[in-house]
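This report concerns only the one structure given below.
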Amino acid sequence: MKTDRAFVSATLMADENRSAIEARLSDVLEQSLTPMEPGQAKTYMEHTAVRMAEEAGAGVTMFQMVEIKHANTAYMIRVAVLTNGSAIGLDFMDMENGQFFIPETCPVIPLEVPTIN
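Numbering (the working numbering), first residue to last: 146 to 262.
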């Protein structure tokens, strides 16, 4: 997988990947959530992503925040993009009140590489 930020952004924002991320966010919002300060959430979840990637035989290419809407609320979700062509949904922020949350489990999301028409 290419590692430049523009390519990763295009991959994450491709319709099929955006739909997959939104579906996983819906699943996460049904779980028990733990509020956490932004800096703590970032550090904790990035370490979690590296561990999960290593367990899957992959590495973390980069971390990126993605804006996702669910119901009538907008969220920013931190996503770890892995070298095996998948992503891990990590912590997320409710954009209305700025509160960060970490989920009980982090969803692994297979990514489709977007095609250029």
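All C-beta atoms in this analysis are idealised placements derived from N, C-alpha and C, irrespective of residue type, glycine included.
- Query: What residues match up with residue 220 in a beta bridge as DSSP calls it?
  - Reply: The residue you call residue 220 lines up with position 75 of the sequence shown. Paired residues: 213, 239.
- residue 156 lies in the alpha helix (DSSP H); which residues open and close that run? By one-based count along the sequence shown, residue 156 stands at place 11. Counting along the chain, residue 156 sits inside the alpha helix (DSSP H) bounded by residues 150 to 158.
- Message: Less than 9 Å between the beta carbons of residue 247 and residue 197, yes or no?
- Response: Taking the sequence shown and counting its residues from 1, the one referred to as residue 247 is at position 102. Taking the sequence shown and counting its residues from 1, the one referred to as residue 197 is at position 52. No, Cβ-Cβ distance for residue 247 and residue 197 is not below 9 Å.
- Cα-Cα separation, residue 191 to residue 233: Numbered from 1 along the sequence shown, position 46 holds the residue referred to as residue 191. Numbered from 1 along the sequence shown, position 88 holds the residue referred to as residue 233. Distance between residue 191 and residue 233, taken at the CA atoms: about 10 Å.
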